Structures are given as structure tokens and as C-alpha cells.
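Using our numbering, you'd call the opening residue of the sequence shown number 10 and step up by one each time.
Beta carbons: idealized from backbone N, C-alpha and C, even for Gly.
Just so you know, these numbers come straight off a predicted model, no measurement behind them.
Everything on this sheet refers to the single structure shown next.
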Amino acid sequence: IVGVLEADRGSIKINGRDLDEHRDIFHGAIGYLPQDFGLYENMTPVEYLNYHATINGIYDIEKRHTLINQLLEGVGLEDRKHSKIKTFSGGMKQRVGIAQTLLHLPKIIVVDEPTAGLDPRERIRFRNLLSELAKDRIVIFSTHVVEDISSTCHDLAVLDRGRVVYRGSPAEMEQMARGKVFVATVPEDEFQKWREQLNVVQHSKSAEQVRMRFISEKPVPGLQAQSVQPTLEDAYMLLLGGKRESAQSVTDTTN
Numbered sequence: 010i011v012g013v014l015e016a017d018r019g020s021i022k023i024n025g026r027d028l029d030e031h032r033d034i035f036h037g038a039i040g041y042l043p044q045d046f047g048l049y050e051n052m053t054p055v056e057y058l059n060y061h062a063t064i065n066g067i068y069d070i071e072k073r074h075t076l077i078n079q080l081l082e083g084v085g086l087e088d089r090k091h092s093k094i095k096t097f098s099g100g101m102k103q104r105v106g107i108a109q110t111l112l113h114l115p116k117i118i119v120v121d122e123p124t125a126g127l128d129p130r131e132r133i134r135f136r137n138l139l140s141e142l143a144k145d146r147i148v149i150f151s152t153h154v155v156e157d158i159s160s161t162c163h164d165l166a167v168l169d170r171g172r173v174v175y176r177g178s179p180a181e182m183e184q185m186a187r188g189k190v191f192v193a194t195v196p197e198d199e200f201q202k203w204r205e206q207l208n209v210v211q212h213s214k215s216a217e218q219v220r221m222r223f224i225s226e227k228p229v230p231g232l233q234a235q236s237v238q239p240t241l242e243d244a245y246m247l248l249l250g251g252k253r254e255s256a257q258s259v260t261d262t263t264n
């Protein structure tokens, strides 16, 4: 999508136009934040964004100053704009990256694994930031963390080995697992047997009992289990046959 890698097959269209054929037109409309990106950590956010704004052709000093202040305010870093980036937490550095991505005011933002390595509070803050950005632009992000998209996205695609195996809303995806998610409590010495037979997605031990959550097309003979409300992660595991390692990504399109 962002043009970093050449596609070996397939096509991408924006407003009916093939992206590869009109890359020069869409180049400025797309902003990209990779999972791992470099920052000049001895700079402050203001210095860093000034540098990149100049590279992007924003030569008017007043315009650059106004834009940078607006961006830093938008990502919640206005009070730290003169602090060295090396003193920032992982989430704050991600927000500097988002501000850089927004310098040329793209209509489409693509972010890869945006919450990797962030603590729970920073993850929530960053997800909220992406939701705010999506109010007036398209935000596409790729993640393996289902929780990241369950409360923020409107449209998602699940990819497995390069193939789209689902495209729709999170709520519709959850409905696919309705009536197929169960919980049961078994003796600890029997758990391994059931684990080998069932698609167990979660389990916890208490005393000599194991409570397990599993996915099955129908009730399992010989096992007393209760049907429960499915989650998005349950549906995700159902789509991929319970094999997390086979999943390539869950891609969220928020617009």
C-alpha cells in the first residue's frame, strides 16, 4: 500500500484508480508509520519535526511553526515539546512518530503494529489517538493483538498466509462464533487429554481443577460444558482453526 515493497500480484485501488499506475498522485496522500522507526533522540520533538518538515518541503517558518504546534497538541505532547526524545517512554516516542507521519497532512495513514512494546495505559492512549485521527482521514493498522481493534475499528480484514479469510465489522465477526464457544472445568490430570482433542483458547488452574475455554462446532460428548458469549478473539481463533502461529495479521481499517 505504501510503496515500500513491490506487490507480486493483486492490485490496490483508491477512488477507483490503480495505486501502482498513479503512485505519483497518491504518494503525498499516504502517511506510513512502521513498527520500528528511527528517531534522533538527542533532538526535541520541535527540532525533530522541524527537520522533517523542511525535508517535506515546508519552508515557510511561520507555517512550519504553526503546523508543528498543532500536531504536538494533537498527539498530547505540547508540554514536552522541548524535552529530549531520549527521555520519552515508548508510547510518547510512538506519538512523535505519528506527528511526523502527519506533517504532510495525508488522507490515509498506515501504521504497523502500533502498540508493540507499550504498557497497557500507553496502548489505550495510543488507540484513542488513532480513533481521533480517523475522524477526518482513513487509518489502516496491522496488528496481531486482537484487543487493539476490538473497541476501535469499524471494518477489519483477517489475513492468513496472504489470503483474506474475513472482511466485515467486528460485531459480525463475533457472531460467527456464537454457539461455538464453551467453558468447562476438568480435573487437572485430565486436562492434557482434553487439550489434545479440543481447540482450547484459554485455560486457568485453580487447586486441582482446570477451567478451560474452547471452540467447538457442537457440544462435546462426555464433557459438561456451558456455552458462553464469544469474543472477537474467539472468532479470530475460529477463523484460523485455533493456530495462532498461522496468523499473519489482523488488519483494521478505521474511517
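*Which residue from 211, 58, 200 puts its Cα closest to that of residue 218?*
To locate residue 218, count along the sequence shown from 1; it is residue 209. Residue 200 is the option with its Cα nearest to residue 218.
*asked:* Let me make sure I understand the geometry here. Which of 73, 222, 99 has the alpha-carbon closest to that of residue 212?
replied: Translated into the one-based positions of the sequence shown, residue 212 becomes position 203. From the listed residues 73, 222, 99, the smallest Cα separation to residue 212 is found for 222.
*Of the choices 137, 144, 249, 187, whose alpha-carbon is the least far from that of residue 174?*
Within the sequence shown, residue 174 is the residue found at index 165, counting from 1. Measuring from the Cα of residue 174, the nearest candidate turns out to be 249.
*Beta-carbon separation (whole angstroms), residue 186 vs residue 112, contact threshold 8 Å*: Sequence index remark: in the sequence shown, residue 186 carries index 177 (1-based). Sequence index remark: in the sequence shown, residue 112 carries index 103 (1-based). Beta-carbon to beta-carbon, residue 186 and residue 112 are separated by about 41 Å, too far to satisfy the 8 Å threshold.
*Just mark residue 267 as buried or exposed, buried being the case when its beta carbon has 16 or more other beta carbons within 10 Å.*
Coverage of the chain is limited to positions 10 through 264, which leaves residue 267 absent and any answer about it impossible.
*Who are the Cβ neighbours of residue 155 in its own chain at under 7 Å, not counting the five residues just before and after it?*
Indexing the sequence shown from 1 puts residue 155 at position 146. The residues are 241, 242, 245, 259.
*C-beta atoms of residue 136 and residue 161 nearer than 7 Å*: Position 127 of the sequence shown, counting from 1, holds the residue named residue 136. Position 152 of the sequence shown, counting from 1, holds the residue named residue 161. Contact check for residue 136 against residue 161 passes: the beta carbons are separated by less than 7 Å.
*The beta strand (DSSP E) spanning residue 177 covers which residue range?*
Taking the first residue of the sequence shown as 1, we reach residue 177 at position 168. For residue 177, the enclosing beta strand (DSSP E) stretches over residues 172 to 177.
*asked:* Whole angstroms are fine: how far does the CA of residue 171 sit from the CA of residue 77?
replied: Here the question's residue 77 lines up with position 68 in the sequence shown. Here the question's residue 171 lines up with position 162 in the sequence shown. Spanning the alpha carbons of residue 77 and residue 171 requires a straight line of approximately 38 Å.
*Residue burial classification, residue 81 (beta-carbon count within 10 angstroms, cutoff 16)*: Taking the first residue of the sequence shown as 1, we reach residue 81 at position 72. Around the beta carbon of residue 81, 16 or more other beta carbons lie within 10 angstroms, which makes this residue buried.
*What is the residue span of the beta strand (DSSP E) that residue 11 lies within?*
Position 2 of the sequence shown, counted from the start, is the residue given in the question as residue 11. Where residue 11 is concerned, there is no enclosing beta strand (DSSP E), given that its DSSP letter is neither H nor E.
*Pairwise C-alpha distance: residue 39 and residue 193*: Start at 1 with the first residue of the sequence shown, and residue 193 comes out as number 184. Start at 1 with the first residue of the sequence shown, and residue 39 comes out as number 30. Whole-angstrom Cα-Cα distance: 48 Å.
*residue 194 - DSSP class collapsed to helix/strand/coil*: As a first step, residue 194 must be located in the sequence shown, where it is residue number 185. Reduced to three states, the DSSP call for residue 194 is strand.
*asked:* Can you list, in chain order, the residues of its chain with a C-beta nearer than 6 Å to that of residue 109? Leave out the 5 residues immediately preceding and following it.
replied: Numbered from its first residue, the sequence shown carries residue 109 at position 100. Hits under 6 Å: 61.
*Buried or exposed for residue 157, please, with buried defined as at least 16 other CB atoms from any protein chain shown within 10 angstroms of its CB.*
As a position in the sequence shown, residue 157 is number 148, starting the count at 1. Residue 157 comes out buried.
*In whole angstroms, what separates the C-alpha of residue 10 from that of residue 89?*
Within the sequence shown, the letter at position 1 stands for residue 10. Within the sequence shown, the letter at position 80 stands for residue 89. Cα atoms of residue 10 and residue 89: separation of roughly 33 Å, rounded to the nearest angstrom.
_Length-filtered (3 minimum) beta strand (DSSP E) runs lying within the stretch 142 to 168_ = Entirely contained in the stretch 142 to 168, the beta strand (DSSP E) runs reaching 3 residues are, in chain order, 147 to 152.
*asked:* I'd like to confirm the pairing. Which residues does DSSP put opposite residue 22 in its beta bridges?
replied: Residue numbering aside, residue 22 sits at position 13 when the sequence shown is read from its first letter. DSSP lists 27 as partners of residue 22.
*asked:* the ligand ATP and residue 108: does the residue's C-beta get closer than 6 Å to at least one heavy atom of that ligand?
replied: You won't find the ligand ATP in this model; it holds no ligand whatsoever.
*asked:* Please identify the residue among 215, 224, 216, 214 whose C-alpha is closest to the C-alpha of residue 205.
replied: Against the sequence shown, residue 205 aligns to sequence position 196. Looking at the Cα atoms, 224 is the closest of the given residues.
*Which residue from 120, 184, 195 puts its Cα closest to that of residue 42?*
In the sequence shown, residue 42 corresponds to position 33, counting from 1. If we check each option's Cα against that of residue 42, 120 comes out closest.
*In angstroms with no decimal places, state the Cα-to-Cα distance between residue 130 and residue 141.*
In the sequence shown, counting from the first residue as 1, residue 130 sits at position 121. In the sequence shown, counting from the first residue as 1, residue 141 sits at position 132. Here the C-alpha atom of residue 130 lies approximately 17 Å from the C-alpha atom of residue 141.
*For residue 123, does the count of other Cβ atoms within 10 angstroms reach 16, so buried, or fall short, so exposed?*
By one-based count along the sequence shown, residue 123 stands at place 114. With 16 or more Cβ atoms within 10 Å of its Cβ, residue 123 is classed as buried.
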